[in-house]
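Residue numbers (full-length UniProt numbering): 1 to 925.
Here you go:
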C-alpha cells in the first residue's frame, strides 16, 4: 500500500520481488491481497504480451459473431468478399509467430486462481478483474462461477458484482450463459438490483435463449414497481433490435400493452414502439393507425410527442388519419406541453408539404397560435417553419429545399447497452462503478507491442543451501565436531561459537544466495577491529580453496577431502588465537568507539566519520578502512538490500538546480535590463491556477501541468495561450515529445507547441501552445506522444480564461452597459465572504476568476485620495472574448453588512450565465 501511494510508477522496483509476491499471495491477509493483485495487474499489463492478440485479429478481420445480426440476403451477397478476407487473414496469421505465454505471466494466473474461493468479496472481485484483463480468452470462464456465488451476498455486494458482470457480458457473453437462471429477478430484490439483472439478461440474449428470456420478461411487466416495468419494456425493445427473428413478436407484444390500464406502461411502450417502427415502417401501418387512436387517452407528454412524430414521419402511409390528428391537436394546442407543441408544428409542416389541400388552413392556424406562445423556442420554431414552407417574395433559397429538409429519411436508432463503453475503466474500481474518472484512479496500461526483457525478474542465486540442510544450533555444533561435513564446505567453515542472531543472519544470507556471507556471519560475535584483517585473509583463502574444489572431479575420494578440510581448520584456529590476543590488548581503546557505534547504527554517515577520526588518532589508516568496508557489506546482507538495487537518483541534482535557478532569477529581477522587462520573458503570475494534464502515474513517470498564461499568443491573436510544464520523474530520458491526433469541435483550432526532442531524467521543460476555443468551454482532445508511448489528454478552459482585458473609461463602460440590457444582462445577489469585503480582495478574486481589467473611477471622484471612499462602492471590470471580441462587463456593487449585487452584461448569454457562477463562487468562498 505504501508503494501504491508513494511511487506506483516505479515498476522497476517490482521486478525482483515479482515472483516472491506471487508465491506469498496466498498467505497474505485479505485486504493486502486486494492491493497486491491490483498492483500486479497493472504490472502485468506493462511486462507481458496480450494473450488474445491472435483472436483479436480474427475478430477485427470479420470472423466470430460479426455477421450474426445480418440478413440472409446480405450474407449471400458478401460470401465472396468474406472468403477473400479469410484468405488474407489466414496468410497474415501464418506469418505471425504463435503466442507463447511468459512463465511469469502463467505464475500470476496460477497463484491467484485459488483466491476465487475466498470468503472476502473484494478478493474475489480483484481476481476476477485480473483474469478479465490478463487471462487468455479460453481461461476467463473460471471467474463466472465465483461471481455468481457472490450474488447470494448482501445487496451492496450484488450491486457492485452486477455492474461488472454487465460489462463482461458485452464482450465475453459465453462464459455467463450457463448461469442464465442465476440472474432471474426475485420479488425481494431492490429496484437497482432488478434493473442491473435486466441488463445482464438482455446482454445474454441470443437466438437460442430469447424465447426463455421473453417469457421471463412477460412476468416482470406485471410487477407493481413502475420503474422496473419501464426498464423491462426498454429491455424488450433492445432484444427486438438486436435479434431480427423476434422483432415482430416483440412489436406485437408491446402493442398489446397499449391497452394496459397503467398510463406509464402505455407511455413507455409507445416510445419503444416508435423506435422499432423506424426499422420497417411500411410493414406496420396498422400499428401506426392504432397508435393514432391513443392520442385521445394518453396524457404523458413524451408518449404523445412520440405518436405525433410517428404520424408526421410516416404520414404518407396513413393519408386519411394524419389530417384528422392535426385537427384534434390544433384544438388542444394551447394546453399541451412544450415538447408536444413542437411535434404538432412538425406534423403541420409535413402535412402542408404532402397534403396542402386539406391541411393548409390548419397549418396557418397552428402557426398563428405558436407565434404568440410564451416559450420562445416555440415562437422561433413557428417563425422558421413559416418562412420555410410558405413561399413569399422575401423567402430565401431554402424554401426550395423544404421537402428535403422535413421529409428526409431518418436513420433508425441504435439501442445499445449503457455499459458498452465502461470497459476502458478497470473492473472493480470506483471509476467503473460511477462511469466517471474518480480522484486517484490509475488507468490500466495498454499491452506492449513487443515483450520486455524477462530477465529483469531473475534473482541471482550464488549458492543456495537446500532446505533439508537447515538444522538447529545443536545439530550444527555436532556437525562441526565431525571431521568431514556432509553437504558443503560453508557449514564446516563457520566459526566455533555462533549466537542465535548469527544463525538467523547466516540462514538469510544463504537464502539470498551469498556463499561468502555465511562464513562471515559465523564468527561475527567474536570479531574485533584488529581481527578484521585476518578474517579477510581467511575469506580470500576460502574462495581460492572453493575454486580448486570446483575444478576437481566429482569422483574424488572422501579421504582427500577430509584431510584438506582438517588442514584448513588448524590454520584458521591459529589465526583466530592471534587475533584474540591482539584484540585483548586494544580492548580499552576500542570500547568507546564500540559503544558509540551501537548507539548510532541507524545513521551510517555519522558512524563512518567517528571511525575515521578514531583511526587517525590511534591506529594506522588501513585497518579502520577495511573494517568499514566489512561492516557495510554485512549491513547490506542483513537488510537483504539485493532485492532493491539502488539506482542513481536523478532528483537530487534538479532540486539543487531549481534552487540555484530561483536565486539567479531573483538576482536578475534586481536589474532593469530590457531582457527582463520584455513581455516574452514575463512569467505567468503565481496566482494563476495550474491544472493537471497528465499524472506521473498515468504517464509512466512523465507529468504535465498547464496554465492559461493570460498573455497574447503572438502567432494568432484569436487563440488562448496555454503554457505547458513537463516534468520527467522517471529514471530514463524522454524523447520526441509532441502532439498528434487532435480532435476538436467544429470551428476550433490548435497551434501545436514545438517538439521537445529530449527531456532528460529528472529535468523540466516548458512550452506554449495556442488554442482557439471559439468562445466555448468545449475540450480540446489530443494525444501527447513520446518516442515510446501515446497518452490521451484533454484541455478544457474555464469560462474566465476565454477573455482578454480591455481598457474602458467609466463613461464608456456605462454607455456599453446601457446597450446590453434585457436578456443580455444577468444579475445575482450575494453575501460577500468575511475576508472579501475590501477593495483589494474583491478586485483580486474577480480578476483571478476571469481575465478582466479594472475600470478606473470617473469624474465623481470615487477613488480620489483626498475624498473618503463612498459607503457603498461599485467595482467595474471589462473585457472581450478572445475569438469573437464580444464585450463582457462585470459590476460588483456592495451593500450593507456584506451584501452585494453581481451583474454581468454580455452579448453571448451562455458566457454570461457561466461567468456569473464562477465569480459568485470566487466571492463567496
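Where a beta carbon is used, it is the ideal one built from N, C-alpha and C, also for glycine. Remember, it's a predicted structure, so these values are computed and weren't measured experimentally.
>> Cutting at 6 angstroms between CB atoms, please list the residues of its own chain near residue 185, excluding the five before and the five after it.
In response: Here residue 185 refers to the residue found at position 185 when the chain shown is read from its first residue. When the five nearest sequence neighbours on each side are left out, the beta carbons in the same chain lying within less than 6 angstroms of the beta carbon of residue 185 are those of 194 and 197, in order along the chain.
> Tell me which same chain residues have a C-beta within less than 8 angstroms of the C-beta of residue 316, skipping the five on either side of it?
Replying inline: Taking the first residue of the chain shown as 1, we reach residue 316 at position 316. Hits under 8 angstroms: 354.
> Fully enclosed by the segment 382-466, which alpha helix (DSSP H) runs are 4 residues long or longer?
Replying inline: Qualifying alpha helix (DSSP H) stretches, in chain order: 402-406 and 430-434.
> Can you name, in chain order, every residue of its own chain whose Cβ lies under 6 angstroms from the Cβ of residue 745, other than the five neighbours on each side?
Replying inline: Here residue 745 is taken as the residue at index 745 of the chain shown, counted from 1. Here residue 745 has 778 as same chain residues with Cβ atoms under 6 angstroms from its own Cβ, once five neighbours each way along the sequence are excluded.
> Run through DSSP, which three-state label would residue 175 get?
Replying inline: Within the chain shown, numbered from 1, the residue matching residue 175 stands at position 175. Residue 175: helix per DSSP, three-state reduction.
> Considering only residues of the same chain and omitting the five flanking positions on each side of residue 747, which have a CB-CB separation below 6 angstroms?
Replying inline: As a first step, residue 747 is located in the chain shown; it is residue number 747 there, counting from the start. The answer, listed in chain order, is 774.
> With 16 as the cutoff for other CB atoms within 10 Å, does residue 24 come out buried or exposed?
Replying inline: The residue given as residue 24 occupies position 24 in the chain shown. Only exposed fits residue 24, as fewer than 16 other CB atoms lie within 10 angstroms of its CB.
> Using the rule of at least 16 other Cβ atoms within 10 Å of the residue's Cβ for burial, across every protein chain shown, is residue 767 buried or exposed?
Replying inline: Taking the chain shown and counting its residues from 1, the one referred to as residue 767 is at position 767. With 16 or more Cβ atoms within 10 Å of its Cβ, residue 767 is classed as buried.
>> Please identify the residue among 892, 267, 888 and 784 whose C-alpha is closest to the C-alpha of residue 836.
In response: Position 836 of the chain shown, counted from the first residue, corresponds to residue 836. The residue with the shortest Cα to Cα distance from residue 836 is 892.
> Taking contact to mean at least 3 C-beta pairs separated by less than 8 angstroms, is the segment 269-278 in contact with the segment 225-237?
Replying inline: Output reads yes: the segment 225-237 touches the segment 269-278.
> What is the DSSP secondary structure of residue 723, counted as helix, strand or coil?
Replying inline: If you number the chain shown from 1, residue 723 lands on position 723. Three-state DSSP puts residue 723 in a strand.
>> Quick check on residue 804: does DSSP put it in helix, strand or coil?
In response: The residue you call residue 804 lines up with position 804 of the chain shown. Residue 804 falls in the strand class under three-state DSSP.
> If you drop the 5 nearest sequence neighbours on each side, which residues of the same chain put their C-beta closer than 6 angstroms to that of residue 49?
Replying inline: Translated into positions along the chain shown, residue 49 becomes position 49. So the qualifying residues of the chain are 451.
> Leaving out five residues before and five after residue 829 in sequence, what residues of the same chain have Cβ atoms less than 6 angstroms from its Cβ?
Replying inline: Taking the first residue of the chain shown as 1, we reach residue 829 at position 829. 901, listed in sequence order.
>> Could you give the first and the last residue of the continuous beta strand (DSSP E) run that contains residue 935?
In response: Residue 935 falls outside the range modelled here, since the chain spans only 1 to 925, and no answer is possible.
> What's the C-alpha gap between residue 670 and residue 804?
Replying inline: What you label residue 670 is simply residue 670 of the chain shown in a count that begins at 1. What you label residue 804 is simply residue 804 of the chain shown in a count that begins at 1. Low confidence applies here, because residue 670 scores a pLDDT of 40, under 50, leaving its location unreliable; read the following figure in that light. Straight-line measurement puts the Cα of residue 804 at about 29 angstroms from the Cα of residue 670.
> Which word fits residue 700, buried or exposed, when buried means at least 16 other C-beta atoms lie within 10 angstroms of its C-beta?
Replying inline: Within the chain shown, residue 700 is the residue found at index 700, counting from 1. Buried.
> Does the Cβ of residue 758 have 16 or more other Cβ atoms within 10 Å, making it buried, or fewer, making it exposed?
Replying inline: Looking up residue 758 in the chain shown gives position 758. By the 10 Å Cβ count, residue 758 comes out exposed.
>> With the cut-off set at 8 angstroms, would you say residue 116 and residue 142 are in Cβ contact?
In response: Here the question's residue 116 lines up with position 116 in the chain shown. Here the question's residue 142 lines up with position 142 in the chain shown. Yes, these two residues count as a Cβ contact at 8 angstroms.
> Apart from the five residues just before and just after residue 691, which ones in its own chain have a Cβ nearer than 6 angstroms to its Cβ?
Replying inline: Along the chain shown, one-based indexing puts residue 691 at 691. Excluding residues within five positions, the ones whose Cβ falls inside 6 angstroms are 706.
> Of the choices 885, 347 and 842, whose alpha-carbon is the least far from that of residue 874?
Replying inline: Numbered from 1 along the chain shown, position 874 holds the residue referred to as residue 874. Of 885, 347 and 842, the residue nearest in Cα terms is 842.
> Going along the chain, which residues of its own chain have a beta-carbon closer than 7 angstroms to the beta-carbon of residue 454, five neighbours each way excluded?
Replying inline: Residue numbering aside, residue 454 sits at position 454 when the chain shown is read from its first letter. These residues qualify, in order along the chain: 102 and 104.
> Just to confirm, are residue 951 and residue 369 a CB contact at a threshold of 8 angstroms?
Replying inline: Any property of residue 951 remains undetermined from this structure, which presents the chain solely from 1 to 925.
> Are the Cβ atoms of residue 351 and residue 363 separated by less than 8 angstroms?
Replying inline: Mapped onto the chain shown, residue 351 falls at position 351. Mapped onto the chain shown, residue 363 falls at position 363. With contacts defined as CB atoms closer than 8 angstroms, residue 351 and residue 363 qualify as a contacting pair.
>> Checking the sheet assignment: what are the DSSP bridge partners for residue 705?
In response: Here residue 705 corresponds to residue number 705 of the chain shown, with the count starting at 1. For residue 705, which the question treats as bridged, DSSP gives the partners 692 and 725.
> Under a three-way DSSP split, which group does residue 101 fall into?
Replying inline: The sequence position of residue 101 within the chain shown is 101, counting from 1. In this structure, DSSP gives residue 101 a state outside helix and strand, which the three-state scheme calls coil.
> DSSP three-state call for residue 748: helix, strand or coil?
Replying inline: Against the chain shown, residue 748 aligns to sequence position 748. Residue state, collapsed to three classes: coil.
> Can you tell me whether DSSP reads residue 875 as helix, strand or coil?
Replying inline: Numbered from 1 along the chain shown, position 875 holds the residue referred to as residue 875. Correct three-state label for residue 875: strand.
> Between 187, 147 and 160, which lies nearest to residue 180 when the distance is taken from Cα to Cα?
Replying inline: In the chain shown, the residue the question calls residue 180 occupies position 180. 147 is the residue among 187, 147 and 160 whose C-alpha sits nearest the C-alpha of residue 180.
> Where does residue 916 sit, in a helix, a strand or coil, going by DSSP?
Replying inline: Here residue 916 refers to the residue found at position 916 when the chain shown is read from its first residue. It is helical.
> Is the beta carbon of residue 834 sitting closer than 8 angstroms to the one on residue 922?
Replying inline: In the chain shown, counting from the first residue as 1, residue 834 sits at position 834. In the chain shown, counting from the first residue as 1, residue 922 sits at position 922. At a Cβ-Cβ threshold of 8 angstroms, residue 834 and residue 922 do not count as neighbours.
>> With distance defined between alpha-carbon atoms, name the residue in 413, 391 and 412 nearest to residue 403.
In response: Taking the first residue of the chain shown as 1, we reach residue 403 at position 403. The candidate whose alpha carbon is nearest that of residue 403 is 391.
> Given residue 912, which residues of its chain have a CB within under 6 angstroms of its CB, disregarding the five upstream and five downstream residues?
Replying inline: Taking the first residue of the chain shown as position 1, residue 912 is located at position 912. Taken in chain order, the residues that qualify are 826, 904 and 906.
>> What ranges does the alpha helix (DSSP H) occupy inside the segment 261-335, keeping only unbroken runs of at least 4 residues that lie completely in it?
In response: Within the segment 261-335, the complete alpha helix (DSSP H) runs of at least 4 residues are 263-277, 285-292, 301-313 and 321-331.
> In terms of residue numbering, what span does the beta strand (DSSP E) encompassing residue 813 cover?
Replying inline: Within the chain shown, the letter at position 813 stands for residue 813. Here residue 813 belongs to no beta strand (DSSP E); instead the alpha helix (DSSP H) covers 810-819.
> Where do the N-terminal and C-terminal ends of the alpha helix (DSSP H) with residue 847 fall, by residue?
Replying inline: The residue you call residue 847 lines up with position 847 of the chain shown. Run containing residue 847: 839-849, per the alpha helix (DSSP H) assignment.
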